[in-house]
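> First residue of the sequence shown? That's 59 in the working numbering, and the numbers climb one at a time after it. Note that beta-carbon positions come from the ideal geometry of N, C-alpha and C, so glycine has one too.
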Amino acid sequence: MAEFPFEISPMFEGERVRKEGMFVELGGPKSLGLELVRAADMDAIEDDKVTIIGPDLKDMEEGKTYPWAMIFNIGGELVEPDLESVVERRVHDFINYCQGIMHLNQRYDVWMRVSKDTAAKMDSFEPFGKAVMMLFKTELPFIEKMQVTFYTDQAEVEKQMVTAKEIFKARDARTKDLRDEDVEVFYGCTLCQSFAPTNVCVVSPDRVSLCGAINWFDGRAAAKVDPEGPQFAIEKGELLDANTGEYSGVNDIAKKLSAGEFDKIKLHSFFDSPHTSCGCFEVVGFYIPEAVSYTHLTLPTIYSV
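#1: From which residue to which residue does the alpha helix (DSSP H) around ILE110 run?
#2: Give a yes or no on whether the minimum CB-CB distance between PHE328 and chain D is below 8 Å.
#3: Between the Cα of PRO332 and those of ALA280, VAL260, GLN289 and ILE346, spot the shortest distance and give me the residue it belongs to.
#4: Count the other C-beta atoms from every protein chain shown that fall within 10 angstroms of the C-beta of PHE329, then say buried if there are 16 or more, exposed otherwise.
#5: Determine, using beta carbons only, whether GLY85 and GLU214 come nearer to each other than 8 Å.
#6: Pull up the distance between the alpha-carbon of ALA97 and that of MET191, whole angstroms please.
#7: What residue range does the alpha helix (DSSP H) around LYS195 cover?
#8: Does PRO185 pass the burial test, meaning 16 or more other C-beta atoms within 10 Å, or should it be called exposed?
#9: Quick check on the DSSP output: the alpha helix (DSSP H) that includes HIS150 runs from which residue to which?
#10: Note down, in chain order, each residue of its chain lying with its Cβ closer than 6 Å to the Cβ of GLN157, except the 5 sequence neighbours on either side.
#11: Can you give me the Cβ contacts of THR109 inside the same chain, cut-off strictly under 8 Å, excluding the 5 residues immediately before and after it?
#12: Can we say the segment 86 to 95 touches the segment 123 to 142, given the rule of at least three CB pairs closer than 8 Å?
#13: Exposed or buried, what is VAL341 when buried is set at 16 or more other beta-carbons lying within 10 Å of its beta-carbon?
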């Protein structure tokens, strides 16, 4: 493994960079934060290239928050657009392998922090970018070439955000006419178990992942190219309750992968055995018994850590 100015290990997943130990904050609730992966022709990619548009780490002021966008281009014989979301969701994984660099959320809600200790060891985002790309190509060998551009300039981040939201919208529209009853297999994801050990995410045509980044087609593509990875097939099994979306196969996997914490998950139930959760959900619902009603809150919202 190449040498980097910080340690790299799965043991750092779940590490939190608190405000008092933070050198800079990137994106988050007070600014703009984006990550996007795009498939590209091999000839269009300069392997391992890191481009920084805007202030680099050494040019940033301690304690400040900066806009942030990461655009990864991937290429390979097996790389196709269907894999973009799958690779994108692993950004969370691999960034959190880097000591002193915290990554939360996904898509257009990215929130990162660089610790003072890590910033003291590197003055540029370049080694960080190279480390993340090394992890991608090691863990996902179908990626043969990769490059990344980091944006910290406000105007550039805003421009990338507009483009990315159109891409996300097009991805999400793919499952519009597909329903749970049309398929025999759902897909599971345990990517967030480093932060929420009992969370078992179930992705069906009618229900995207809790983070909003993985739909049914993405899960299928991920399970195909990386069968040992965090996304996997779930046999639906017997339909136990059509109204709440309860399936025997989902219950079995929930019990197994939550270490017995949950013995059932009803995919479309608000009260009875609702879906498990981590900290990366996009919408949270509240029931108000006094009003016999419920409401919802779309994240992120402003809070401090």
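If we stick to the structure as given:
#1: Secondary structure note for ILE110: it is in no alpha helix (DSSP H), and the uninterrupted beta strand (DSSP E) holding it is 108 to 111.
#2: Checking the listed chains, one finds no chain D in this structure; it contains a single protein chain.
#3: It is VAL260 whose Cα lies nearest to the Cα of PRO332.
#4: By the neighbour-count rule (16 or more Cβ atoms within 10 Å), PHE329 is not buried but exposed.
#5: For GLY85 and GLU214, no; Cβs fall outside 8 Å.
#6: Their Cα atoms are separated by approximately 14 Å.
#7: That run of the alpha helix (DSSP H) goes 184 to 197.
#8: Counting C-beta atoms within 10 angstroms of its own C-beta, PRO185 has 16 or more neighbours from the protein chains shown and is therefore classed as buried.
#9: HIS150 -> alpha helix (DSSP H) spans 142 to 153.
#10: Correct list, in chain order: PHE64, GLU65 and PHE70.
#11: In chain order, GLN205, VAL206, THR207 and PHE208 place their CB closer than 8 Å to the CB of THR109, counting only its own chain and leaving out the 5 sequence neighbours on each side.
#12: Yes, they touch.
#13: Exposed is the call here.
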